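Just below is one structure, and these are the notes that go with it.
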Amino acid sequence: MILDLLQTHYNYYAVVVLLGIGLYMLVESGNLVKKVIGMNIFQTGIFLFFITLAFRAGGNPPVIEDGGGPYVSPLPHVLILTAIVVGVSLTAVALALIIRIYSEYGTLDEETLKQLYYD
Amino acid sequence: MIEQLPVLLVVVPIVGGAVPLVASLVSNRSGWPIAALTLAVHTALAGWLAWAVGTGGTIDYAVGGFAIPYGIELVVDGLSAAVVALVSAVALGLLAYARRAGPRSNAFYSQYLLLVTGLSGMAVTGDVFNLYVFLEITGLAAYGLVASGREASSAVAALKYLIIGTVGASLYLLGVGYLLAVTGTLNMGDLAGKIAAIGYGSPLVLTAFALMVGGLTVKVALFPLHTWQPDAYANAPDTVSAFISALVSTVAAYALARVLFSVFTVDFLTAVPVARWTLVGLACVSIVAGSALAVSQSSVQRMLAYSSVSQFGLVVAGFAIATPTAVVGATVHLLGHAVMKGGLFAATGVIERETGASTVNGYAGMGGRVPVGAMGFSVLALAMVGVPPAIGFVGKWYIVLGAVRAQIWPVVVVLLASTLLTLAYFAKLVERLYFAEPTIYEGEDDAGAAPVADGGDSPVSTGMLAVVVGAAVLAVALVAAVPALEQTLLETLPPLLDQ
Numbered sequence: 003m004i005l006d007l008l009q010t011h012y013n014y015y016a017v018v019v020l021l022g023i024g025l026y027m028l029v030e031s032g033n034l035v036k037k038v039i040g041m042n043i044f045q046t047g048i049f050l051f052f053i054t055l056a057f058r059a060g061g062n063p064p065v066i067e068d069g070g071g072p073y074v075s076p077l078p079h080v081l082i083l084t085a086i087v088v089g090v091s092l093t094a095v096a097l098a099l100i101i102r103i104y105s106e107y108g109t110l111d112e113e114t115l116k117q118l119y120y121d
Numbered sequence: 017m018i019e020q021l022p023v024l025l026v027v028v029p030i031v032g033g034a035v036p037l038v039a040s041l042v043s044n045r046s047g048w049p050i051a052a053l054t055l056a057v058h059t060a061l062a063g064w065l066a067w068a069v070g071t072g073g074t075i076d077y078a079v080g081g082f083a084i085p086y087g088i089e090l091v092v093d094g095l096s097a098a099v100v101a102l103v104s105a106v107a108l109g110l111l112a113y114a115r116r117a118g119p120r121s122n123a124f125y126s127q128y129l130l131l132v133t134g135l136s137g138m139a140v141t142g143d144v145f146n147l148y149v150f151l152e153i154t155g156l157a158a159y160g161l162v163a164s165g166r167e168a169s170s171a172v173a174a175l176k177y178l179i180i181g182t183v184g185a186s187l188y189l190l191g192v193g194y195l196l197a198v199t200g201t202l203n204m205g206d207l208a209g210k211i212a213a214i215g216y217g218s219p220l221v222l223t224a225f226a227l228m229v230g231g232l233t234v235k236v237a238l239f240p241l242h243t244w245q246p247d248a249y250a251n252a253p254d255t256v257s258a259f260i261s262a263l264v265s266t267v268a269a270y271a272l273a274r275v276l277f278s279v280f281t282v283d284f285l286t287a288v289p290v291a292r293w294t295l296v297g298l299a300c301v302s303i304v305a306g307s308a309l310a311v312s313q314s315s316v317q318r319m320l321a322y323s324s325v326s327q328f329g330l331v332v333a334g335f336a337i338a339t340p341t342a343v344v345g346a347t348v349h350l351l352g353h354a355v356m357k358g359g360l361f362a363a364t365g366v367i368e369r370e371t372g373a374s375t376v377n378g379y380a381g382m383g384g385r386v387p388v389g390a391m392g393f394s395v396l397a398l399a400m401v402g403v404p405p406a407i408g409f410v411g412k413w414y415i416v417l418g419a420v421r422a423q424i425w426p427v428v429v430v431l432l433a434s435t436l437l438t439l440a441y442f443a444k445l446v447e448r449l450y451f452a453e454p455t456i457y458e459g460e461d462d463a464g465a466a467p468v469a470d471g472g473d474s475p476v477s478t479g480m481l482a483v484v485v486g487a488a489v490l491a492v493a494l495v496a497a498v499p500a501l502e503q504t505l506l507e508t509l510p511p512l513l514d515q
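Chains A and B are the protein sequences, given in the same order.
Residues in the first sequence are numbered from 3 upward in steps of one, following our numbering.
Residues in the second sequence are numbered from 17 upward in steps of one, following our numbering.
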């Protein structure tokens with residue numbers, strides 16, 4: 003039973019693992035760059051979740067001339083293309099902020115920064 | 017033309033927002049007039065749309081001509097029309113403040129217009145994924161604006177805001193994924209029917225609800241998910257503090273109401289009482305904790321930020337009770353809070369520039385030195401407490417009335433106590449302003465808070481004072497608009513509400 007689930011639903015386990023690792027890094031890492039990497043991993047988990055939703059066993063690519071149905075759903079792919087763009091923009095803004103923080107305070111460590119920040 | 021209005025409200029500011037960046041090749045001083053022109057057009061369109069919805073009912077628009085529910089639909093009912101009118105009016109009004117208070121660069125005005133785009137988009141969209149995209153546009157513009165402060169601490173605050181805000185938006189997106197998995201649609205109206213057909217008890221639907229509402233409460237900044245908000249508000253430049261405190265959480269709270277009423281519907285809240293009571297409970301905790309934290313702050317701007325945590329608790333409580341009276345109350349308080357909190361932040365900017373005072377103790381005796389700013393601050397503070405002729409009173413009155421009619425007594429107690437708690441921190445400030453011995457005298461400033469003046473200009477312009485006075489006048493005058501708003505809401509929303 004469990005083996006069955008593992009064999010058929012391994013994508014979902016990967017999603018859970020990615021979300022977990024991402025969130026853990028985001029909360030636990032003291033390094034700001036690693037926090038941003040954690041944020042990216044967390045988002046990747048969500049992307050994988052959407053792409054998995056679109057899968058259909060034996061489905062064809064959703065091009066009408068091609069052989070006929072059943073097709074895989076094209077919608078989640080399109081949504082995730084958009085979400086990837088959003089993710090890239092967020093990463094860019096985050097890294098720009100980190101560069102400014104580093105040039106001003108000379109550190110990327112959250113704890114050190116907190117001490118500087120509240121003094 | 018009228019049916020094109022919703023999409024124009026998004027297109028106008030995004031096109032206008034690109035212009036200052038291009039124009040900066042010629043002159044870096046051209047941002048303000050471009051933004052003023054764009055927002056004047058935007059406000060005219062929003063006013064026209066609000067009038068059309070008020071007289072003719074809900075307006076739909078299918079983006080790109082794709083058939084609904086496959087394409088993106090924009091839907092403007094009474095609630096969204098009111099929010100989009102608020103966004104336009106506040107954005108246009110604050111330009112008068114930004115002209116002197118800065119930041120003065122074309123990039124700032126591009127971000128400003130981008131934020132208006134995101135907020136307008138969130139208000140008019142009828143598609144849950146489209147809402148996510150606009151939520152992130154709003155977020156990106158807001159992070160950039162917070163970081164536009166002169167001090168590096170604004171970058172730290174913006175990064176914190178970015179990380180927490182992204183987690184919130186990502187949780188919302190995950191919830192959208194669950195809904196897509198069970199229903200195969202993203203259109204709000206379509207979702208409402210399909211979720212009902214699947215059954216409200218389905219674990220997938222419940223998970224989707226928890227993720228979407230949880231993600232949005234991060235953006236609304238309800239306790240305990242508010243931690244990004246005080247840093248962001250207190251470290252941003254004054255114009256930005258006033259702008260985002262007035263609009264960003266407000267529109268997120270609107271999105272929360274939209275998800276509650278248009279996607280999951282009141283039937284869901286009735287069928288799954290635990291969802292409703294969790295939300296009401298969260299709101300009540302937020303009211304009490306936000307006020308308690310506000311009382312203990314020494315910085316006025318941080319105090320105002322924590323006050324927002326508490327006030328949004330009130331708004332969310334009104335939405336979660338979901339009777340027509342409570343929803344009208346929550347909407348009135350949502351709009352009223354935006355005007356009052358934006359005005360209060362604008363007033364703190366005026367007082368700090370004029371005198372250097374930024375703490376509760378520093379405000380002592382400033383009533384005489386900054387008469388207009390202090391008067392505006394006091395009127396807005398009393399309006400926020402809920403002194404009768406002001407909008408703050410009307411909103412709270414309706415929410416409490418809704419709770420009484422629904423016979424949810426613990427909530428009634430918290431709502432009434434919240435007024436006392438709000439009084440606790442605002443009365444202290446008003447007392448300091450007028451009845452305490454000054455701690456800062458003319459010619460000396462709080463450490464590091466020297467007024468910023470470019471080329472000998474006075475640090476405070478007439479436009480800045482006009483914004484503060486305008487907000488104070490609106491905080492009272494808006495009461496006149498409540499009956500019309502109530503009527504429009506009750507005409508366009510009833511099927512969505514608990515009768």
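Even for Gly, the Cβ is constructed at its ideal location relative to N, Cα and C.
Computed from a predicted structure; not experimentally measured.
Does the separation of the CB atoms of residue i and residue j fall below 8 Å?
{"i": "alanine 185 (chain B)", "j": "glycine 142 (chain B)", "result": "no"}
{"i": "leucine 131 (chain B)", "j": "leucine 161 (chain B)", "result": "yes"}
{"i": "phenylalanine 57 (chain A)", "j": "valine 35 (chain A)", "result": "no"}
{"i": "valine 355 (chain B)", "j": "alanine 487 (chain B)", "result": "yes"}
{"i": "threonine 438 (chain B)", "j": "serine 323 (chain B)", "result": "yes"}
{"i": "serine 477 (chain B)", "j": "phenylalanine 361 (chain B)", "result": "no"}
{"i": "cysteine 300 (chain B)", "j": "valine 416 (chain B)", "result": "no"}
{"i": "tyrosine 188 (chain B)", "j": "methionine 228 (chain B)", "result": "yes"}
{"i": "proline 22 (chain B)", "j": "threonine 133 (chain B)", "result": "no"}
{"i": "alanine 68 (chain B)", "j": "leucine 111 (chain B)", "result": "no"}
{"i": "tyrosine 216 (chain B)", "j": "alanine 287 (chain B)", "result": "yes"}
{"i": "valine 483 (chain B)", "j": "tyrosine 125 (chain B)", "result": "no"}
{"i": "leucine 481 (chain B)", "j": "glycine 384 (chain B)", "result": "no"}
Give me the chain B residues within the contact set of residue i, using Cβ-Cβ distance strictly less than 9 Å, ordered along the chain.
{"i": "proline 63 (chain A)", "result": "Result: empty, since nearest Cβ-Cβ is about 18 Å, beyond 9 Å."}
{"i": "threonine 84 (chain A)", "result": "Phe145, Tyr148, Val149"}
{"i": "tyrosine 107 (chain A)", "result": "Ala168, Val172"}
State the DSSP-derived secondary structure class of residue i, mapped to helix, strand or coil.
{"i": "alanine 237 (chain B)", "result": "coil"}
{"i": "threonine 375 (chain B)", "result": "strand"}
{"i": "serine 315 (chain B)", "result": "strand"}
{"i": "tyrosine 77 (chain B)", "result": "strand"}
{"i": "asparagine 44 (chain B)", "result": "coil"}
{"i": "aspartate 462 (chain B)", "result": "Because the pLDDT of aspartate 462 (chain B) is 47, which lies under 50, any placement of that residue in the model is unreliable, and the number read from its coordinates should be weighed accordingly. DSSP places aspartate 462 (chain B) in coil when its eight states are reduced to three."}
{"i": "histidine 11 (chain A)", "result": "coil"}
{"i": "valine 427 (chain B)", "result": "helix"}
{"i": "alanine 164 (chain B)", "result": "Note on residue identity: the sequence assigns serine, not alanine, to residue 164 (chain B). Serine 164 (chain B): coil per DSSP, three-state reduction."}
{"i": "glutamate 67 (chain A)", "result": "coil"}
{"i": "alanine 469 (chain B)", "result": "For alanine 469 (chain B), the predicted structure reports a pLDDT of 43, less than 50, and the residue's modelled location is therefore unreliable. A value from the coordinates is still provided. Three-state DSSP puts alanine 469 (chain B) in coil, outside helix and strand."}
{"i": "alanine 97 (chain B)", "result": "helix"}
{"i": "alanine 174 (chain B)", "result": "helix"}
So with CB distances below 8 Å, who are the chain B contacts of residue i?
{"i": "arginine 58 (chain A)", "result": "Here the premise fails: no neighbours, minimum Cβ distance about 12 Å."}
{"i": "leucine 50 (chain A)", "result": "Within chain B, no residue comes near leucine 50 (chain A); the closest Cβ sits about 10 Å away, beyond 8 Å."}
{"i": "isoleucine 103 (chain A)", "result": "Ala168, Ala171, Val172, Leu175"}
Opposite residue i in the DSSP bridges: which residues?
{"i": "serine 278 (chain B)", "result": "The partner list for serine 278 (chain B) (beta bridge, DSSP) is empty, contrary to what the question assumes."}
{"i": "tyrosine 73 (chain A)", "result": "A:Asn62"}
{"i": "threonine 141 (chain B)", "result": "B:Leu90"}
{"i": "aspartate 111 (chain A)", "result": "A:Asn33"}
{"i": "asparagine 203 (chain B)", "result": "B:Asp143"}
Which chain B residues are close to residue i, counting only those with a beta carbon under 7 Å from its beta carbon?
{"i": "alanine 96 (chain A)", "result": "Leu175, Leu178"}
{"i": "glutamine 117 (chain A)", "result": "What glutamine 117 (chain A) touches in chain B: nothing, since even the nearest Cβ is about 12 Å away."}
{"i": "valine 19 (chain A)", "result": "Going along chain B, no residue has its Cβ under 7 Å from valine 19 (chain A), so there is no contact; the nearest lies around 15 Å."}
Name the chain A residues whose beta carbon is nearer than 9 Å to that of residue i?
{"i": "tyrosine 159 (chain B)", "result": "Leu92, Val95, Ala96, Leu99"}
{"i": "glycine 193 (chain B)", "result": "Ile48, Phe51, Phe52, Leu55, Pro78, Leu81"}
{"i": "leucine 108 (chain B)", "result": "Residues of chain A passing the Cβ test: none, with the nearest at roughly 26 Å."}
{"i": "leucine 207 (chain B)", "result": "Within 9 Å Cβ-Cβ: nothing; leucine 207 (chain B) doesn't reach chain A, min ~14 Å."}
I want to verify the contact list: residues of chain A whose CB lies under 8 Å from the CB of residue i, in sequence order.
{"i": "leucine 111 (chain B)", "result": "Near leucine 111 (chain B) there are no residues of chain A at all, since even the closest Cβ is about 24 Å away, more than 8 Å."}
Name the chain A residues that come within less than 7 Å of residue i, Cβ to Cβ?
{"i": "leucine 309 (chain B)", "result": "Residues of chain A passing the Cβ test: none, with the nearest at roughly 17 Å."}
query = Can you list, in chain order, the residues of the stretch 24 to 37 of chain A whose Cβ is nearer than 8 Å to any Cβ on chain B?
reply = Leu25, Leu28, Leu34, Lys37
query = In chain order, what residues of the stretch 122 to 149 of chain B put their CB closer than 8 Å to some CB of chain A?
reply = Phe145, Tyr148, Val149
ask   = Of the residues that make up the stretch 171 to 186 of chain B, which ones have a beta carbon closer than 8 Å to any beta carbon in chain A?
value = Ala171, Val172, Ala174, Leu175, Leu178, Ile179, Thr182, Val183, Ser186
inquiry  = For the stretch 230 to 253 of chain B, list every residue whose C-beta sits within 7 Å of some C-beta in chain A, in sequence order.
reply    = none
Positions along the stretch 57 to 82 of chain B whose CB lies within less than 9 Å of some CB in chain A = Per Cβ criterion, the list is empty.
ask   = Any residues in the stretch 81 to 102 of chain B with a beta carbon nearer than 7 Å to a beta carbon of chain A? Which ones, in chain order?
value = Cβ contacts with chain A: none found.
ask   = Can you list, in chain order, the residues of the stretch 498 to 510 of chain B whose Cβ is nearer than 8 Å to any Cβ on chain D?
value = Any reference to chain D falls outside this structure, whose protein chains are A and B.
task = Determine which residues of the stretch 284 to 306 of chain B have a Cβ less than 7 Å from any Cβ of chain A, and write them out in chain order.
result = Per Cβ criterion, the list is empty.
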